[in-house]
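S.K.: Sharing a structure with you now.
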Amino acid sequence: MTTEQGVLRISIVVTIMLAGFGILFGLLSGSFAIVFDGIYAVTDASMTVVALLVAKLIAASAPGGQQKTSLAERFTMGFWHLEPMVLGLNGTLLIAAAIYALINAVGSLMTGGRDLAFDQAIIYAVVTVLAAIAMTLFVGRANRRIGSDFLALDARAWLMSAMLTVALLVAFVFGFLIQGTSLEWISPYIDPAVLALVSLAVIPIPVATVRQALADILLVTPADLKQHVDRVAAEIVQRYGFSSYRAYVARVGRGRQIELYFIVPTGAPAKRLEEWDQLRDEIGEAIGDESPDRWLTIAFTTDPEWAD
């Protein structure tokens with residue numbers, strides 16, 4: 011499992027299995043918190059499927075990839091722009107699901123709560139916690155080699171699932187222990203109360219992903235990359251006696267789009283095309299991060315209007 015697609019496939023299969031397991035046990039035990047956990051997992055799995063398709067398209071469109079001719083003609087600029095769209099949609103759906111669950115939990119608390127079979131709920135929670143922890147470690151370890159935003163989000167989702175299910179487990183064990191005691195009247199409120207707390211904990215988690223996705227979609231210039239490109243371009247201008255430069259930088263998912271225009275003084279000594287290409291190679295090496303996910307354009311002109 012050394013590829014992004016391979017890890018995502020395993021994550022999808024495990025997520026779907028746990029989602030079905032959760033919905034079944036949620037219905038049997040009468041726990042809406044467990045049902046929500048299953049539905050949340052289904053939502054996450056469906057978006058992971060979309061992420062897998064996008065990852066395949068990006069890999070296929072890279073140099074040396076087996077890109078389909080029809081797609082190449084329709085998307086000549088690549089498929090990087092799809093990645094932040096998927097990440098943003100995924101985060102938005104997870105936030106919406108958590109808000110809906112919170113509303114239901116509050117409504118249930120106001121109407122007296124609901125009865126719950128704590129023994130069945132505990133079985134579900136134990137199995138899910140173990141599976142979620144195992145997947146968090148697996149995806150996180152794989153992503154240390156791969157370095158994928160999709161896998162990073164997936165690892166965070168598994169960690170979040172483990173933490174939330176631990177909260178469910180603690181609540182279910184507490185509810186099981188108070189049966190037949192003076193605190194048994196609390197039992198109907200345990201499930202909606204835990205669901206409300208879980209929802210409140212879940213809502214802020216995808217916010218950072220949605221914010222970054224919006225920044226990528228809107229082509230907001232990443233400050234650190236812009237500073238690095240400016241520093242390289244300024245050194246080239248000084249070294250070769252150019253008049254100035256223009257730099258345009260954007261982050262689109264895993265893609266880095268960089269356009270550099272150098273303003274050459276009018277009447278400067280002519281260079282052979284091979285010399286200009288060597289200079290481009292020098293600039294590209296100075297910028298670094300050469301990979302299929304870097305889109306670098308370097309142009310030279312005496313007319314600043316071509317660069318503005």
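Residue numbers for the sequence shown follow the working numbering, beginning at 11 and rising by one. Where a beta carbon is used, it is the ideal one built from N, C-alpha and C, also for glycine.
Given this structure, state the Cα-to-Cα distance separating valine 24 from aspartate 291, to the nearest angstrom.
M.R.: What you label residue 24 is simply residue 14 of the sequence shown in a count that begins at 1. What you label residue 291 is simply residue 281 of the sequence shown in a count that begins at 1. Taking the straight line from one Cα to the other gives about 45 angstroms.
S.K.: Compare the beta carbon distance of glutamate 14 and glycine 263 with 7 angstroms and say whether it is the shorter of the two.
M.R.: Position 4 of the sequence shown, counted from the first residue, corresponds to residue 14. Position 253 of the sequence shown, counted from the first residue, corresponds to residue 263. In this structure, glycine 263 does not lie closer than 7 angstroms to glutamate 14 by Cβ.
S.K.: Give me the Cα-Cα distance between alanine 233 and aspartate 240, rounded to the nearest whole angstrom.
M.R.: The residue given as residue 233 occupies position 223 in the sequence shown. The residue given as residue 240 occupies position 230 in the sequence shown. When rounded, the distance between both Cα atoms is 10 angstroms.
S.K.: Taking the alpha carbon of valine 323 as the reference point, which residue from Ile109, His91, Val17 has its own alpha carbon closest?
M.R.: Residue 323 lies beyond the residue range present for the chain, which begins at 11 and ends at 318; the question has no answer from this structure.
S.K.: Just the Cα atoms here: how many angstroms apart are leucine 321 and leucine 119?
M.R.: Within the shown structure, residues of the chain are numbered from 11 to 318, placing residue 321 beyond reach of any answer.
S.K.: Taking C-alpha atoms, which residue in Leu104, Pro314, Asp164 lies nearest to proline 275?
M.R.: Against the sequence shown, residue 275 aligns to sequence position 265. Among Leu104, Pro314, Asp164, the Cα nearest to that of proline 275 is on Pro314.
S.K.: Taking the straight line between their C-alpha atoms, what separation do you get for glycine 101 and leucine 193?
M.R.: What you label residue 101 is simply residue 91 of the sequence shown in a count that begins at 1. What you label residue 193 is simply residue 183 of the sequence shown in a count that begins at 1. Looking at the two C-alpha atoms, the distance is approximately 39 angstroms.
S.K.: Is the number of C-beta pairs between the stretch 223 to 233 and the stretch 122 to 142 that are closer than 8 angstroms three or more?
M.R.: Taking 8 angstroms as the limit for Cβ pairs, the verdict is that the stretch 122 to 142 does not touch the stretch 223 to 233.
S.K.: On the DSSP bridge list, what partners appear for serine 118?
M.R.: If you number the sequence shown from 1, residue 118 lands on position 108. Its beta-bridge partners do not exist; DSSP assigns none.
S.K.: Looking at the unbroken beta strand (DSSP E) that takes in glutamate 269, where does it start and where does it end?
M.R.: Against the sequence shown, residue 269 aligns to sequence position 259. Note, glutamate 269: beta strand (DSSP E), 265 to 273.
S.K.: Starting from the Cα of leucine 169, find the closest Cα among Phe160, Val96, Thr146, Ile156 and give me that residue.
M.R.: Numbered from its first residue, the sequence shown carries residue 169 at position 159. Closest by alpha carbon: Thr146.
S.K.: Taking the straight line between their C-alpha atoms, what separation do you get for histidine 238 and phenylalanine 310?
M.R.: Within the sequence shown, residue 238 is the residue found at index 228, counting from 1. Within the sequence shown, residue 310 is the residue found at index 300, counting from 1. Going from the Cα of histidine 238 to the Cα of phenylalanine 310 covers about 20 angstroms.
S.K.: For tyrosine 255, write down the residues that DSSP places opposite it in a beta bridge.
M.R.: On the sequence shown, residue 255 is found 245 positions in, with the first residue counted as 1. Partner(s): Phe272.
S.K.: Which whole-angstrom value is the C-beta distance of leucine 174 and alanine 141, which I expect to be below 8 angstroms?
M.R.: On the sequence shown, position 164 is the one that residue 174 refers to. On the sequence shown, position 131 is the one that residue 141 refers to. Leucine 174 to alanine 141, Cβ: 13 angstroms. No contact.
S.K.: Go ahead and pull the three-state DSSP assignment for arginine 151.
M.R.: Indexing the sequence shown from 1 puts residue 151 at position 141. Arginine 151: helix per DSSP, three-state reduction.
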